[in-house]
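Chemist: Keeping their order, the protein sequence lines are chains P and H. In terms of our numbering, the first sequence opens at residue 1 and continues consecutively. In terms of our numbering, the second sequence opens at residue 441 and continues consecutively. A virtual CB, placed ideally from N, CA and C, is assigned to each residue, including glycine.
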Amino acid sequence: MDTHSSRSSFSPSRTLPSMDRRTLLKTLGVGAVGLASVPILSGCTGGSGPAGGSGKSMTFGSSASDDVPKRAYQAVVDAFQKKESATVTVNTVSHNDFQNKINSYLEGSPDDAFTWFAGYRMQYYAGKGLLAPIDDVWQQIGANYSDALKKASTGPDGKMYFVPNYNYPWGFFYRKSFWAEKGYTVPTTFDELKSLAAKMKGDGIIPIGFADKDGWPAMGTFDYINMRLNGYQFHVDLCAHKESWNQPKVQAVFDTWKALLPYQDPGALGQTWQDAAQFLGQKKTGMYLLGSFVTQQFTDKTVLDDIDFFPFPAIAVEGQDAIEAPIDGLLLSKKGGQNQVAKDFLQYVGTPDAQNVYYSIDNSNIATAKGADTSKFTPLNKKCADAIANAKHISQFFDRDALPAMANNVMIPALQSFIKDGTVDIKNLESQAASLYAAQ
Amino acid sequence: MPRIRKVRRLSTRDKIVLTAMVAVPTLIELIFVWLPTLFSIGLSLTRWNGLDLSDIHPAGMANYQYVAQDYPPFWPAVQHNILWLVFLGVVATPLGLLLAVLLDQRIRGSRIYQSIFFAPVMLSLALVGVIWQLFYQRDHGLLNFLLGTAGTPAAVDWFGDSKVNIWAALIAATWRHSGYVMLLYLAGLKGVDPTLKEAAAIDGANAYQTFFRVVFPAMRPINIVIVVITIIESLRAFDIVYVINRGTNGLELISALVIQNLVGEGQVIGVGSALATILLVISLVPIIFYLTRTFGKEAKEQ
Numbered sequence: 001m002d003t004h005s006s007r008s009s010f011s012p013s014r015t016l017p018s019m020d021r022r023t024l025l026k027t028l029g030v031g032a033v034g035l036a037s038v039p040i041l042s043g044c045t046g047g048s049g050p051a052g053g054s055g056k057s058m059t060f061g062s063s064a065s066d067d068v069p070k071r072a073y074q075a076v077v078d079a080f081q082k083k084e085s086a087t088v089t090v091n092t093v094s095h096n097d098f099q100n101k102i103n104s105y106l107e108g109s110p111d112d113a114f115t116w117f118a119g120y121r122m123q124y125y126a127g128k129g130l131l132a133p134i135d136d137v138w139q140q141i142g143a144n145y146s147d148a149l150k151k152a153s154t155g156p157d158g159k160m161y162f163v164p165n166y167n168y169p170w171g172f173f174y175r176k177s178f179w180a181e182k183g184y185t186v187p188t189t190f191d192e193l194k195s196l197a198a199k200m201k202g203d204g205i206i207p208i209g210f211a212d213k214d215g216w217p218a219m220g221t222f223d224y225i226n227m228r229l230n231g232y233q234f235h236v237d238l239c240a241h242k243e244s245w246n247q248p249k250v251q252a253v254f255d256t257w258k259a260l261l262p263y264q265d266p267g268a269l270g271q272t273w274q275d276a277a278q279f280l281g282q283k284k285t286g287m288y289l290l291g292s293f294v295t296q297q298f299t300d301k302t303v304l305d306d307i308d309f310f311p312f313p314a315i316a317v318e319g320q321d322a323i324e325a326p327i328d329g330l331l332l333s334k335k336g337g338q339n340q341v342a343k344d345f346l347q348y349v350g351t352p353d354a355q356n357v358y359y360s361i362d363n364s365n366i367a368t369a370k371g372a373d374t375s376k377f378t379p380l381n382k383k384c385a386d387a388i389a390n391a392k393h394i395s396q397f398f399d400r401d402a403l404p405a406m407a408n409n410v411m412i413p414a415l416q417s418f419i420k421d422g423t424v425d426i427k428n429l430e431s432q433a434a435s436l437y438a439a440q
Numbered sequence: 441m442p443r444i445r446k447v448r449r450l451s452t453r454d455k456i457v458l459t460a461m462v463a464v465p466t467l468i469e470l471i472f473v474w475l476p477t478l479f480s481i482g483l484s485l486t487r488w489n490g491l492d493l494s495d496i497h498p499a500g501m502a503n504y505q506y507v508a509q510d511y512p513p514f515w516p517a518v519q520h521n522i523l524w525l526v527f528l529g530v531v532a533t534p535l536g537l538l539l540a541v542l543l544d545q546r547i548r549g550s551r552i553y554q555s556i557f558f559a560p561v562m563l564s565l566a567l568v569g570v571i572w573q574l575f576y577q578r579d580h581g582l583l584n585f586l587l588g589t590a591g592t593p594a595a596v597d598w599f600g601d602s603k604v605n606i607w608a609a610l611i612a613a614t615w616r617h618s619g620y621v622m623l624l625y626l627a628g629l630k631g632v633d634p635t636l637k638e639a640a641a642i643d644g645a646n647a648y649q650t651f652f653r654v655v656f657p658a659m660r661p662i663n664i665v666i667v668v669i670t671i672i673e674s675l676r677a678f679d680i681v682y683v684i685n686r687g688t689n690g691l692e693l694i695s696a697l698v699i700q701n702l703v704g705e706g707q708v709i710g711v712g713s714a715l716a717t718i719l720l721v722i723s724l725v726p727i728i729f730y731l732t733r734t735f736g737k738e739a740k741e742q
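#1: Roughly how many whole angstroms lie between the Cα atoms of Leu565 of chain H and Val683 of chain H?
#2: Give me the residue from H:Pro465, H:Tyr625, H:Val507 with the minimum Cα distance to Ala714 of chain H.
#3: Could you pull the start and end residues of the alpha helix (DSSP H) that Pro133 of chain P belongs to?
#4: Shorter than 9 Å from the beta carbon of Asp597 of chain H to some beta carbon of chain P?
#5: In angstroms with no decimal places, state the Cα-to-Cα distance between Ile307 of chain P and Lys176 of chain P.
#6: Could you pull out every residue in the same chain whose Cβ sits closer than 7 Å to the Cβ of Asn165 of chain P, ignoring the five residues on either side in sequence?
#7: DSSP beta-bridge partners for Ile709 of chain H?
#8: Assuming Ile671 of chain H and Leu543 of chain H make a contact with CB atoms under 8 Å, what is their CB distance in whole Å?
#9: Answer with yes or no whether the minimum CB distance from Ala132 of chain P to chain H is below 9 Å.
#10: I want to verify the contact list: residues of chain P whose CB lies under 9 Å from the CB of Gly644 of chain H, in sequence order.
#11: With a threshold of 9 Å between beta-carbons, can Val268 of chain P be considered close to chain H, or not?
#12: Tell me, please, whether the stretch 610 to 626 of chain H touches the stretch 527 to 546 of chain H by the rule of three or more beta-carbon pairs shorter than 8 Å.
#13: State the start and end residues of the unbroken alpha helix (DSSP H) segment that holds Leu104 of chain P.
#14: Are the CB atoms of Leu238 of chain P and Asn246 of chain P within a distance shorter than 9 Å?
#15: Where does the unbroken alpha helix (DSSP H) through Met200 of chain P begin, and where does it stop?
#16: Under the DSSP definition of a beta bridge, which residues are partnered with Val667 of chain H?
#17: At a CB distance below 8 Å, what residues from the stretch 408 to 419 of chain P approach chain H? Give them in sequence order.
#18: Where do the N-terminal and C-terminal ends of the beta strand (DSSP E) with Phe80 of chain P fall, by residue?
#19: Indicate whether the contact test is met: 3 or more Cβ pairs, each with one atom in the stretch 58 to 69 of chain P and one in the stretch 79 to 98 of chain P, closer than 8 Å.
#20: If you run the structure through DSSP and keep just helix, strand and coil, what is Leu450 of chain H?
#21: Between Thr423 of chain P and the rest of its own chain, which residues show a CB-CB distance below 8 Å, the 5 nearest in sequence each way excluded?
#22: What residues from chain H crowd round Pro404 of chain P, counting only those whose CB sits closer than 7 Å?
#23: Which same chain residues end up closer than 7 Å to Leu24 of chain P when comparing Cβ atoms and leaving out the 5 residues on each side of it in sequence?
#24: Could you compute how far the alpha carbon of Asp97 of chain P sits from the alpha carbon of Phe114 of chain P?
#25: Taking only the alpha-carbon atoms, compute the straight-line gap between Trp598 of chain H and Val568 of chain H and give it to the nearest angstrom.
#26: Could you pull out every residue in the same chain whose Cβ sits closer than 7 Å to the Cβ of Ala252 of chain P, ignoring the five residues on either side in sequence?
#27: Pro413 of chain P and Pro661 of chain H - do their beta-carbons sit closer together than 9 Å?
#28: Got a sec: is the Cβ-Cβ distance from Trp488 of chain H to anything in chain P below 9 Å?
#29: Would Thr688 of chain H count as contacting chain P if we go by Cβ distances under 9 Å?
#30: Report all residues from its chain with a CB closer than 7 Å to the CB of Asn685 of chain H; omit the five preceding and five following residues, and keep chain order.
#31: Can you list the residues of chain P that Ser602 of chain H reaches, using a CB-CB cut of under 9 Å?
#32: When you compare each of P:Ser244, P:Ser364, P:Leu332, P:Phe210 to Gln379 of chain P by their alpha carbons, which one comes out closest?
#33: Just tell me which of P:Gly119, P:Glu324, P:Tyr161 has its CA closest to the CA of Leu403 of chain P.
#34: Under a CB-based cut-off of 9 Å, is Leu106 of chain P close to chain H?
#35: Using a cut-off of 9 Å between C-beta atoms, extract the partners of Asn103 of chain P located in chain H.
#36: Three-state secondary structure (DSSP) at Pro352 of chain P?
Right, here's the structure in full:
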């Protein structure tokens, strides 16, 4: 081969490999290592929007990028602009991007007000001093909210930071007509749930719909068993890593769950919650533990009207007091705290009027303010709203109550492997948690 | 005798042009490749929440220790990357070579076949996901339909069952990789001097001997490129597992773990950087092999 190749450095056989070398290096650099620069680079690019402050204007960063919530927020903004004759600039970002870039967003130049969630993730940024406290706003709107909602809006320093807009409960959903036909009754204790599930299995139905291809839905089962066994406060402390994972209380959660595992859909790891919702609608599964957003999947009105809801049964402590109902609402950035218009906007969102405007367009969620018009609620929404109103504690779902890295990088693989073979290594969970929380 | 003036080979303008031609790529390389590399190596030795620069705390080798000892997906990911390399090397690359040799035979419609086999390389990620979803889906997928198990309890969940999903992903990877290899070998085969084949034929070599003893060794530069590409592809393997289930539940790969830890909600910059650095070190092995092969020989020739 060498005898045929020319020694000239310009021969094709020479330039070809050298070009490839460069391409390879670049590809490698960009592919493997360039990724590491993402947080650094994105740290430089800030948010956008003109600085509010002068005149009656403010900016509002919204992650409500889907059509219905986007129009709903726009309606709220329009109503506020009309009421206060102020100008609100809305910057809508796709919700995945918004969530993924929240760090650089808050460190850069965020909007005055922005959409976010209650729970650890709100508390975390409040603790870092990136949010503005709004105790003065809460003096005006405090009477509109239940104690549980007020608690969920409080920062680690005891100040108020968050204004709840809407929430949605997690619980078991089922088809009324199907249950009536088979003679099933709603279980209120875990033993009743297990015997109902056994009966359904005997009838050739998959008792509990389940999907965990995306990793997060299984956290709902974990949260509920944990709260029913160990109480709401333990859930909060475990999520904040004030409690160790390596203790019998946590092991008990998995042991209890193991009794339920044979009744949950064995195909869980290969399907999404949308698939599992279809199976519930088709009466292939008896019931399905998910958030009330499950109803979005039922486009057939007869199926939708046939869906009913019951809270997760009691196991050991606190009965059915705690409910998992993630709350979406608004926060003020540090900068927004100096803009009175932004404070007025948050105050407006905390009123029944504003929440009625929101619900008039997006009725898949439940208004949080007392006095919001419930006359247009469907019976199911009414039931969901009552369940939340009667709850003594509102949890936010594991991935909002815990460090996101703990939820995404640790719990997803751990729960998926638990679903696979029913084993879990709580000692390893604790050592991972210790390492990840220390990095914060 | 007139003084012999030293011949100026390069004018000032030439020098400026040359300097710019060397400096600009070097600078780009430095800014976009080496600085981020050094940054991520540096960050892999720290704990940082990604917020304020003053929150960066030195952590020594703690992130590497975490990855190796406490992070359950890491070792499965290493195994899967090795499996990926072996599978591409033993199945996908030879398959690409076979396709190239077949299509080099001036058969009718050769161009059409080339396009068909190369098409997967050009398809976008989203489309690849849809195509394989249609093929592998448990209840309505083509594969289970052909096996006659679709909709029955015996249906294999090709993406959800962690015993089989890595093989399903490897088939999808082969579908892309062999098209890529085929194209490179087609170019290589066109570059082989036809007189070599004629000489081999005159010497009485049969088709197999001609190919393996004469043609294949004559494609040596291409072969080295293919070896390096196969190794790099197996290390970079990411997109297919990511569209299936974001690299969880039996489809862990180092690159997917890097993404999981560096981008998005589960961001742990120290751990993600440590994983990226590990991937870099592993990738350097084939790069160095390739560079020494190429430049070492050049040095010898001079």
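Modeler: So, from the data block:
#1: Distance between the alpha carbons of Leu565 of chain H and Val683 of chain H is about 7 Å.
#2: Closest by alpha carbon: H:Val507.
#3: Counting along the chain, Pro133 of chain P falls outside any alpha helix (DSSP H), and DSSP gives it neither H nor E.
#4: So, interface residue.
#5: Taken atom to atom, the span from the alpha-carbon of Ile307 of chain P to that of Lys176 of chain P is near 6 Å.
#6: Closer than 7 Å at the Cβ level, and outside the excluded window around Asn165 of chain P, lie Asp328, Gly329, Leu330, Val349, Gln355, Tyr358, Thr368.
#7: Note: Ile709 of chain H sits in no beta bridge, so no partner.
#8: The pair is not a contact, with the Cβ atoms about 25 Å apart (cut-off 8 Å).
#9: Ala132 of chain P does not count as touching chain H.
#10: Those within 9 Å of Gly644 of chain H in chain P number zero; the least Cβ separation is about 22 Å.
#11: What sits at residue 268 of chain P in the sequence shown is Ala, not Val. Output row for Ala268 of chain P: interface = yes.
#12: Contact check between the stretch 610 to 626 of chain H and the stretch 527 to 546 of chain H: three or more CB pairs, one atom from each, fall below 8 Å, which counts as touching.
#13: The question names Leu, but residue 104 of chain P is Ser in the sequence shown. 102 to 107 is the extent of the alpha helix (DSSP H) around Ser104 of chain P.
#14: For the 9 Å CB-CB criterion, Asn246 of chain P and Leu238 of chain P do not form a contact.
#15: Note, Met200 of chain P: alpha helix (DSSP H), 190 to 202.
#16: Its beta-bridge partners do not exist; DSSP assigns none.
#17: So the close ones are Asn408, Asn409, Ile412, Pro413, Ala414, Gln416, Ser417.
#18: No beta strand (DSSP E) contains Phe80 of chain P, which is instead part of the alpha helix (DSSP H) from 67 to 84.
#19: Judged by Cβ distances under 8 Å, the stretch 58 to 69 of chain P makes contact with the stretch 79 to 98 of chain P, as three or more pairs qualify.
#20: Leu450 of chain H falls in the coil class under three-state DSSP.
#21: Correct list, in chain order: Ser417.
#22: Here the neighbours are Glu705, Gly706.
#23: In this predicted model, Leu24 of chain P has a pLDDT of only 42, less than 50, meaning its place in the structure is not dependable; the value taken from the coordinates is given anyway. Once the five neighbours on either side are set aside, Leu24 of chain P has no close Cβ partner at all.
#24: Approximately 14 Å, taken between the alpha carbons.
#25: Just so you know, the alpha carbons of Trp598 of chain H and Val568 of chain H end up roughly 16 Å apart.
#26: Non-local C-beta neighbours of Ala252 of chain P in its own chain, meaning closer than 7 Å and more than five positions away in sequence, comprise Leu229, ordered along the chain.
#27: Inclusion of Pro661 of chain H and Pro413 of chain P in the CB contact set at 9 Å is not warranted, their separation being larger than that value.
#28: Yes, because at least one Cβ of chain P sits closer than 9 Å to the Cβ of Trp488 of chain H.
#29: Among the CB atoms of chain P, one or more fall inside 9 Å of the CB of Thr688 of chain H.
#30: Correct list, in chain order: Phe599, Leu691.
#31: Under the 9 Å cutoff, chain P gives Leu269, Gln416, Ser417, Lys420.
#32: Looking at the sequence provided, one finds Pro at residue 379 of chain P rather than Gln. Ranking the options by Cα distance to Pro379 of chain P, first place goes to P:Ser364.
#33: Restricting attention to P:Gly119, P:Glu324, P:Tyr161, the CA atom closest to the CA of Leu403 of chain P is found in P:Gly119.
#34: Answer yes: the Cβ-Cβ gap between Leu106 of chain P and chain H drops below 9 Å somewhere.
#35: Ordered by position in chain H, the residues that pass the 9 Å Cβ test against Asn103 of chain P are Asn489, Gly490, Leu491, Gln707.
#36: Shown here, Pro352 of chain P sits in a helix according to DSSP, grouped into three states.
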